[in-house]
Amino acid sequence: MTLRNFVLLPLVLPALLQAAEVKPALMPLPRAAEWRPGTMRIDTRFHVTFASRPEARLQRGARRMTEQLSRQTGLPLDAPAGTTRPGAALAIDCGETTDQPDTLGQDESYRLEVTPAGARLKSATVVGALHGLQTFLQLVVPGEDSFVAPSVVIEDAPRFPWRGLLIDVTSHFMPIPVIERNLDAMEAVKLNVFHWHLTDDQGFRVESKLYPKLHQLGTTNGEFYSQAEIRHILAYAHDRGIRVLPEFDMPGHSATWLIGYPELASAPGPYSIIRTFGVYDPALDPTKEEVYRFIDGLIGEMAALFPDRYFHIGGDEVNGKQWKANPAIQAFIRRHDLKNEAGLQAYFNRRVEVLVKKHGKEMMGWDEVLHPDLPKGIMIESWRDHESMAVAARSGHPALLSWGYYLDHLDSAGKHYDVDPLGGPAKDLTPEQAARVMGGEACMWTEFTSPETIDSRIWPKSAAIAERFWSPAGASTRAGMYQRLDRVSDWLDWRGVTHNSNYLAMLQRLAPDAPIDLLKTIGDAVEPLGIEGREITQVYSQSTPLNRLVDAARAESVPVRHLRELVERYLAAPDAASENTIRRQLERWRDNRSRLEPFLASSFLMKDTELISVYLARIGEIGLEALDALHGGRRLPAAAAESRLGALAKREKPGGEVVIAAVGPVRLLVEAAAK
Ligand code: ACM
């Protein structure tokens, strides 16, 4: 078989399958796939075989895949991997025979062939095989009389070698099970770097045996990871082909270092854990030699704990206030001709880089560390804009894009998906410069996120981002991505992430006696505002409960998206079935208020929903009026349309830190009725 025979980037299976059959939803899309007639039957006899004695990590991976297959199909699959028995098997042929640390740029490719007689997975490395196992799991769908995997030949490899997810465990501490289940979901969509934001003004979350006051005074209630727990997560991630990048944010975002070690500070203490969120003044003093001795010790200890070659020193959001106010620091800046506070931070970064190197690591920092004097080996992670990533790559730095992938903005999957690390200002990079762009990272900052809500902010959006990082540019469109995303979201339920399962429970908590469908009508109609819209009604701290409607609601309402798609189809080609579905939804919005009325005062958590109910009823009425006009072929007079659009705009933002997303499809109806 030559590569030419492959159908590049299949969005849908061709007519090999009958229309009624369930088609696999692959995400990320493979580089190339050739679909063939026939299917492999997956029943209780399914098992895994190995071409040669498997390396232990692969053996565990195969067992995990089988357990996962059992979970997602409900089939008892108890054959130990490697057994010989009847029934279709997945045969794994992996070239790697000893356990290797995963490295940036390693071979992650695999070839997966499924035939009616069985499946074959071939790879040079264990991580390649692990990726292939996930693709195999996505291929399995219910067929006519059993589960099946369609016949196919897939040749796959990632577009970018660095496909990360950052989790901030400082703003809110994330216990070990939260990390584990998100690593499980990362593996599912081939994300391969877990960026662990471990230290900040709000917490120092890792045990230091050398400087124990860091975690002892930098956290309360034991909300840090012991080194044994860190090692557990490192092994857990390694098993899933995921590298772990630790971040120790310095010289700013360091208040928790200064509680126990105030001698490192740029201003006299005392310091304490900062319970609120934002950019604060505390910063290490770059003019003190004992600061570098301390950092040397800390990096030495942490470099031995975290095996990855890369070490992130943060470097973001240093406001320079303490440096400006300190005469000795100002004198140092003049004496060393550093010009200003930015020059002082560049001096600090150069000193720290030597220490990072000394302990065998490569340094990384946020885009603030970019400076003409910075050694070129330092990797730049751009978060403030896309341009800085292009500048970094042009000036010789390896670079990552996180701008555009900030999950705390609660943008749609489509908006993230449209951001391409090599698009925008990176479009005109030379091939040599573009090769420095290693990929990107989705970033989950947790100011407004708890262990209960975090999964719903990460998933399923990060599967779309994972596709952006893995699949060839242009592999799919926003619409093509959305065609698969709902299925992938449901599939991730079987990994134990709680983005779907917590939703109804959190809604029911608002009013325990209210029928859940009434609460769901409200929850489905709204979307929470992102970080920019959140701190309007109150100042949040680590102890603010995150149990309101805004926390239960998902970043992107799937029912509203579906309705918008349906309205668009209906407006392009009106049909009775679509009209009926749209009408029923609008009536549900209109009538929900009176049905919910008895429960509105039943609980303090229902306060946010009262006005939303009133607004939603009006939005439903406006939609029905427009739909009636469209149905009757009557034009909505311009003045009426203008008044209705004004009413919709007024009702889109009811307070409570949510928007009523339901306005979107109704606006389309009104605009169409006015034409
Ligand atoms: C950042 O978001 N301050 C890196």
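Just so we're aligned, residue 0 is where the sequence shown starts under numbering that gives the first Met the number 0, counting upward by one. Glycine included, C-beta positions come from ideal geometry on N, C-alpha and C.
Residue burial classification, Gly-403 (beta-carbon count within 10 angstroms, cutoff 16): Locating residue 403 in the sequence shown gives position 404, where the first residue counts as 1. Here Gly-403 is buried. Its C-beta has 16 or more other C-beta atoms within 10 Å.
Under the three-state reduction of DSSP, which class applies to Gly-131: helix, strand or coil? Counting from 1 along the sequence shown, the entry for residue 131 is found at position 132. Helix, per DSSP.
Tyr-309 - DSSP class collapsed to helix/strand/coil: Counting from 1 along the sequence shown, the entry for residue 309 is found at position 310. Three-state DSSP puts Tyr-309 in a strand.
Just to confirm the assignment: which complete alpha helix (DSSP H) runs, minimum length 4, are found wholly within the stretch 609 to 651? 637 to 651
In its own chain, which residues sit with a C-beta less than 7 Å from the C-beta of Pro-27, not counting the 5 before and 5 after it? In the sequence shown, counting from the first residue as 1, residue 27 sits at position 28. Result list for Pro-27: Val-188, Lys-189, Ala-465, Glu-466, Trp-469, Ser-470, in chain order.
8 Å Cβ cutoff met for Ile-618 and Val-669: On the sequence shown, residue 618 is found 619 positions in, with the first residue counted as 1. On the sequence shown, residue 669 is found 670 positions in, with the first residue counted as 1. The answer is no: Cβ separation not under 8 Å.
Which residue comes first and which comes last in the alpha helix (DSSP H) that contains Trp-322? Position 323 of the sequence shown, counting from 1, holds the residue named residue 322. Residues 320 to 324.
I'd like the ranges of any alpha helix (DSSP H) spanning at least 4 consecutive residues and lying wholly in the stretch 336 to 419. 340 to 357, 386 to 393, 412 to 416
Which same chain residues end up closer than 6 Å to Leu-2 when comparing Cβ atoms and leaving out the 5 residues on each side of it in sequence? Residue 2 sits at position 3 when you count from the first residue of the sequence shown. The pLDDT assigned to Leu-2 is 42, lower than 50, so where the model puts this residue is not dependable; a value taken from the coordinates is nonetheless given after this. Closer than 6 Å at the Cβ level, and outside the excluded window around Leu-2, lies no residue.
For ligand 1, which residues count as neighbours when the test is a C-beta closer than 7 Å to any heavy atom? The set of residues with CB atoms less than 7 Å from any heavy atom of ligand 1 reads, in chain order, Asp-315, Glu-316, Trp-365, Trp-382, Cys-442, Trp-444.
Can you confirm whether the stretch 301 to 310 touches the stretch 359 to 376 when touching is taken to mean that 3 or more C-beta pairs between the two stretches lie within less than 8 Å? Yes, they touch.
As assigned by DSSP and simplified to three states, the class of Leu-10: On the sequence shown, position 11 is the one that residue 10 refers to. Here the model assigns Leu-10 a pLDDT of 46, short of 50, so the residue's position is not dependable, and the following value carries that caveat. The answer is coil: DSSP assigns Leu-10 none of H, G, I, E or B.
State yes or no: is the C-beta of Val-139 within less than 8 Å of the C-beta of Thr-65? Walking along the sequence shown from the start, residue 139 turns up at place 140. Walking along the sequence shown from the start, residue 65 turns up at place 66. Not a contact, by the Cβ cut-off of 8 Å.
Can you tell me whether Phe-603 sits near ligand 2, meaning its C-beta is under 7 Å from at least one heavy atom of the ligand? Among the ligands present in this structure, namely ligand 1, ligand 2 is not found.
Between the stretch 116 to 123 and the stretch 171 to 181, can you find at least three pairs of beta-carbon atoms closer than 8 Å? no
Going by DSSP, what residue range makes up the beta strand (DSSP E) through His-46? Within the sequence shown, the letter at position 47 stands for residue 46. Counting along the chain, the beta strand (DSSP E) containing His-46 begins and ends at 46 to 49.
What are the boundary residues of the alpha helix (DSSP H) that Ser-69 is part of? Here the question's residue 69 lines up with position 70 in the sequence shown. Here the alpha helix (DSSP H) through Ser-69 covers 55 to 72.
Straight-line Cα distance separating Arg-553 from Ile-457: Indexing the sequence shown from 1 puts residue 457 at position 458. Indexing the sequence shown from 1 puts residue 553 at position 554. Here the alpha carbons of Arg-553 and Ile-457 stand approximately 10 Å from one another.
Same chain, Cβ closer than 6 Å to Gly-251, five either side skipped, listed in chain order: In the sequence shown, the residue the question calls residue 251 occupies position 252. Cβ neighbours of Gly-251 beyond the five flanking positions: Ala-282, Glu-316, Val-317.
What ranges does the beta strand (DSSP E) occupy inside the stretch 414 to 467, keeping only unbroken runs of at least 3 residues that lie completely in it? The stretch 414 to 467 contains these whole beta strand (DSSP E) runs: 436 to 443.
Let me check one thing: in DSSP terms, what residues is Val-113 bridge-paired to? To locate residue 113, count along the sequence shown from 1; it is residue 114. Ala-118, Val-151, per the DSSP bridge assignment.
May I have a chain-ordered list of the beta strand (DSSP E) segments no shorter than 3 residues that lie completely inside the stretch 502 to 533? 525 to 527
What did DSSP end up calling Val-125 once you bin it into helix, strand or coil? By 1-based counting over the sequence shown, the position of residue 125 is 126. The three-state secondary structure of Val-125, taken from DSSP, is helix.
Among Pro-558, Val-557, Ile-581, Ser-556, which has the Cα closest to the Cα of Arg-568? As a first step, residue 568 is located in the sequence shown; it is residue number 569 there, counting from the start. The candidate whose alpha carbon is nearest that of Arg-568 is Ile-581.
What are the boundary residues of the beta strand (DSSP E) that Met-480 is part of? Translated into the one-based positions of the sequence shown, residue 480 becomes position 481. First-last for Met-480: 477 to 492, but that is the alpha helix (DSSP H), not the beta strand (DSSP E).
Which class does Phe-172 belong to by DSSP, given the choice of helix, strand or coil? Counting from 1 along the sequence shown, the entry for residue 172 is found at position 173. It is coil, neither helix nor strand.
Going by DSSP in three states, Leu-190 sits in which element: helix, strand or coil? For the purposes of this step, residue 190 is taken as the residue at position 191 of the sequence shown. Of the three classes helix, strand and coil, the one that applies to Leu-190 here is coil, per DSSP.
Among the candidates Ala-572, Glu-578, Gln-507, whose CA atom is the shortest distance from the CA of Asp-706? Since the first residue of the chain shown is 0 and the last is 674, residue 706 is not available in this structure.
Selection from Pro-100, Asp-101, Phe-45 that minimises the alpha carbon distance to Pro-75: One-based indexing of the sequence shown puts residue 75 at position 76. The candidate whose alpha carbon is nearest that of Pro-75 is Phe-45.
Asn-4 (DSSP reduced to helix, strand or coil): Here the question's residue 4 lines up with position 5 in the sequence shown. With a pLDDT of 41 at Asn-4, under the threshold of 50, the modelled position of this residue cannot be trusted; read the value that follows with caution. The answer is helix: DSSP assigns Asn-4 an H, G or I state.
Are the stretch 418 to 426 and the stretch 537 to 545 touching by the rule of at least three beta carbon pairs closer than 8 Å? no
What residues in its chain sit with their C-beta under 6 Å from that of Phe-168, if we drop five residues either side in the sequence? Counting from 1 along the sequence shown, the entry for residue 168 is found at position 169. Here residue 168 turns out to be Val, not Phe, going by the sequence shown. Once the five neighbours on either side are set aside, the close Cβ partners of Val-168 are Arg-204.
For the alpha helix (DSSP H) containing Pro-664, name the first residue and the last one. For the purposes of this step, residue 664 is identified with residue 665 of the sequence shown, where counting begins at 1. For Pro-664, the enclosing alpha helix (DSSP H) has its first and last residue at 662 to 673.
DSSP three-state label for Asp-167, please. Numbered from its first residue, the sequence shown carries residue 167 at position 168. Looking at Asp-167 - three-state DSSP - the assignment turns out to be strand.
At least 3 beta-carbon pairs within less than 8 Å: the stretch 480 to 487 vs the stretch 439 to 448: Because the criterion of three Cβ pairs below 8 Å is not met, the stretch 480 to 487 and the stretch 439 to 448 do not touch.
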